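Chains as they are written, first to last, in the numbering used here: chain A, 67 to 413; chain B, 1001 to 1247.
Every residue, glycine too, gets a C-beta built ideally from N, C-alpha and C.
If you're wondering where the values come from, they're calculated on a predicted model, not measured in any experiment.
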Amino acid sequence: MSRALILRRGGPGVTVQDLGRVGFLASGLSRGGAADVAALAEGAALLGQSPELAALEMTGSAVEIETEGAVWVALTGAPMAATADGERLAWSACHLLGPGAWLRLTPSGRGHYGYLSAAGGIDLPQVVGGRGAHLAAGLLGPVEPGSILPLGADPLPGRTARRLVPAERFSGGTIRLLAGPQTALFSDAEIARFCATDFKRTAWGNRQGVRLHHDGEGFAPLDGRSLLSETVVPGDVQIAGDGVPYVLGCECQTIGGYPRVGTVLPQDLPRVMQATTGAPLRFAFVTPQAARADYRTPAQLAREVAARAEPLIRDPRDIPDLLAYQLVGGAVTGEDLPWEQTGEDGP
Amino acid sequence: MTATPPQVFPRIGALGLDGILVQFAARLSEPANRAALAFRAAVDAAAFPGVAEISSSLAGTYLRFDPDAADPASLTDGLRALLDSRDWYRAPLPHNRRLWRIPTVLGGDHGPQLELAASLAGISTAEAVAEIAACRLRVMAIGFAPGQPYLGELPDRWNLPRQSDLKTRVPPGAVALAVRQCVLFPAESATGWYHIGQTAFRCFRPTGDPAFPLSPGDEIVFDPVAPKDLEALASAPAGGATAEPLA
């Protein structure tokens, strides 16, 4: 039986995303992909599959999804209130949904980007080397309500329901930077002031970048003359003409002419993208050695997270139509029942 | 961090955890662009282990590596050795470049700021059309937006500063001019450049093969056509543009 997700209610921030496109920088197309790569890795860890598989990224609106066939899903990233046929689902966990289940997801106000990964991944054809929407480039676009998102073959149908405690990335904090080719455009005093400034994440933010707010003067390079446009990468902290810093995201432009203070470590970028509006942010320069020490590729991150995941204890009374979906779905067996493989009895 | 940026070129520096940027100049010039294009091709050919992708900007070459598979110190050493192996500012341009002839309506309703740009350049509109149409402009870089070429350089009289506001809205395929360069817009945009013409050429075609017809190093000639021809060109392959190999 074919397995799919059918989007019943969405919005402009509901997109398919994967790890982005590689090889198109020279053509002016930035990598794109999930705004919070760690959430994609967590979803992959919960489902026991590759983080390269495409998932649904959700920001800015409530989402409703109907399942076709029995589908394992993992819910990660910015927490959302989640129910399936009215029953509450734990966040940062994976769940088996029966055929025709109706999933409702509502943003909680913490963080920005929630993710729904499904076993087998969203199996749409690649366009320009990827499955994800690159909104800034006008490449693909939000998922339209009524769209059927086919799923690939489930690599691990015998999995059990698990949950994890995600790395905290919704409340801001100190973000680590690497100095770059343009750091020296700013005076030592200006860099010191930048690192001593309390910033807040503003509501102005999207996959292209996040605008910061601070009290006091804007930041300015030593030489105000126009710079030669140069290669820009996600994580760059760019100072716009009015002195306001922006942290550039996965859909940033590939070449830009604004001066840049430095580059946020890729492992810290999700904490900027996901920082709840108004969350405090500070910046600290680190050495390349320190930066590399805790960098993990998405696959490494998924393995580490998987090792920390714990069984999800579910009360069987929370699954009233369990018998029905076993019969209808035909894809689950008694051994797959979520609470049985946790090794725990229900209360 | 020093108070005065070092201005010795070419220079190599880290750009983020997984990138290295080689810069050939602080200001655009033909030799610096030539160096960036030629060095990018040489880095590509060198096939350093762990390199994920390579791109070039107006006067720089960028290399992104897989932090798990490449050692940035040895990669930097390899780039330094390659950099020192020749004078990249005089290097031949890479192979496989093409000359594009793109039918273009210059001026009039489709290029409403050509007259203003020409007067700022100190010549008549007719002279401006003739001079721009006679230029072979190099795709010096592709970037900012997908497929969007920076084309240069025009004669010095066209060194017009960008307009301070971004109120000019241009449609896809529009040609705009400033700072001795032209840009060919892939999509509707706001711009501070002078809107001088219109093509039916699309430099980003998401479902096309290739999706990005232009490559850095290609050359472009804007062949003037009448406004009435634009509609027919819109349904022609590549907006009526032709491409031939450059020696």
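query	result
Taking the alpha-carbon of B/P1213 as reference, which of B/A1190, B/V1225, B/G1239, B/Y1194 has the nearest alpha-carbon?	B/G1239
Counting Cβ pairs closer than 8 Å, one from the segment 243-251 of chain A and one from the segment 315-331 of chain A, do we hit at least three?	yes
Work out the CA separation of B/L1166 and B/G1122 for me, nearest whole Å.	24 Å
Counting only C-beta atoms, is B/D1087 closer than 8 Å to chain A at any point?	no
Assuming the contact rule is C-beta atoms closer than 8 Å, B/F1222 and B/I1132 should be a hit. Round their C-beta distance to whole Å, please.	6 Å
Going by DSSP in three states, A/H178 sits in which element: helix, strand or coil?	coil
Residues of chain A with a CB under 7 Å from the CB of B/G1240: which are they?	Chain A residues near B/G1240: none, gap ~22 Å exceeds 7 Å.
Any Cβ of chain A within less than 8 Å of the Cβ of B/Q1248?	Limits of chain B in this structure are 1001 at one end and 1247 at the other, which puts residue 1248 of chain B out of reach.
For B/T1168, I'd like the list of residues in its chain whose CB is within less than 6 Å of its CB, leaving aside the five on either flank, ordered along the chain.	T1191, H1195
Residue ranges of each alpha helix (DSSP H) run of no fewer than 4 residues wholly in the segment 1007-1081 of chain B, ordered along the chain?	1030-1046
In chain order, what residues of the segment 163-196 of chain A put their CB closer than 8 Å to some CB of chain B?	V193, V194
Taking Cβ to Cβ, would you say A/A121 is nearer than 8 Å to A/Y181?	yes
How far does the alpha helix (DSSP H) with B/T1125 in it reach, from first residue to last?	1125-1134
Check each residue of the segment 1055-1067 of chain B: if its Cβ is closer than 9 Å to any Cβ of chain E, include it; give the result in chain order.	This model lacks chain E altogether, as its protein chains are A and B.
Go ahead and label A/A184 buried or exposed: buried means 16 or more other beta carbons lie within 10 angstroms of its beta carbon, across all protein chains shown.	buried
If you draw a straight line from the C-alpha of B/P1227 to the C-alpha of B/Q1181, how long is it?	23 Å
Measure the Cβ-Cβ separation of A/G196 and A/G86 and say whether it is below 8 Å.	yes
Give the residues from the segment 1208-1219 of chain B that approach chain A closer than 7 Å (Cβ to any Cβ), ordered along the chain.	A1211, F1212, P1216
Leaving out five residues before and five after A/G301 in sequence, what residues of the same chain have Cβ atoms less than 6 Å from its Cβ?	T329, V330, L335
Out of B/A1130, B/F1144, B/P1172, state which residue places its alpha-carbon closest to the alpha-carbon of B/P1155.	B/A1130
I'd like to know whether the C-beta of B/I1102 is nearer than 8 Å to at least one C-beta of chain A.	no
So with Cβ pairs under 8 Å, would you call A/P208 a contact of chain B?	no
Where are the beta strand (DSSP E) runs, 3 residues long or more, that stay fully inside the segment 142-228 of chain A, in chain order?	146-150, 153-155, 159-163, 168-173, 180-184, 214-216
Listing by chain order, which chain B residues have their CB less than 7 Å from the CB of A/L95?	P1146
Residues in its own chain within less than 6 Å of B/R1257 by CB, not counting five upstream and five downstream?	Because chain B is modelled from 1001 through 1247, residue 1257 of chain B falls outside the range shown and cannot be assessed.
Could you give the first and the last residue of the continuous alpha helix (DSSP H) run that contains A/E134?	Where A/E134 is concerned, there is no enclosing alpha helix (DSSP H), although the beta strand (DSSP E) it sits in stretches over 129-134.
Out of curiosity, what's the CA-to-CA distance linking B/I1012 and A/A365?	30 Å
Tell me which residue opens and which closes the beta strand (DSSP E) that B/E1219 is part of.	1219-1224
Between B/A1026 and chain A, is there a C-beta pair that is closer than 8 Å?	yes
In chain B, which residues lie less than 9 Å from A/R358 when you measure between Cβ atoms?	L1017, P1067, P1072
By the DSSP assignment, the alpha helix (DSSP H) with A/C261 in it spans what residues?	254-262
Can you give the Cα-Cα distance for B/A1134 and B/P1245, rounded to whole angstroms?	19 Å
On the DSSP letters alone, give me the boundaries of the beta strand (DSSP E) that B/S1119 sits inside.	It is not in any beta strand (DSSP E) - B/S1119 instead sits in the alpha helix (DSSP H) that spans 1114-1121.
Rounded to the nearest angstrom, what separates B/T1207 and A/I214 at their Cα positions?	20 Å
Does the Cβ of B/E1250 have 16 or more other Cβ atoms within 10 Å, making it buried, or fewer, making it exposed?	Past the edges of chain B, shown from 1001 to 1247, lies residue 1250 of chain B, and the structure says nothing about it.
Which residue or residues does DSSP assign as beta-bridge partners of A/K266?	A/H279, A/P346
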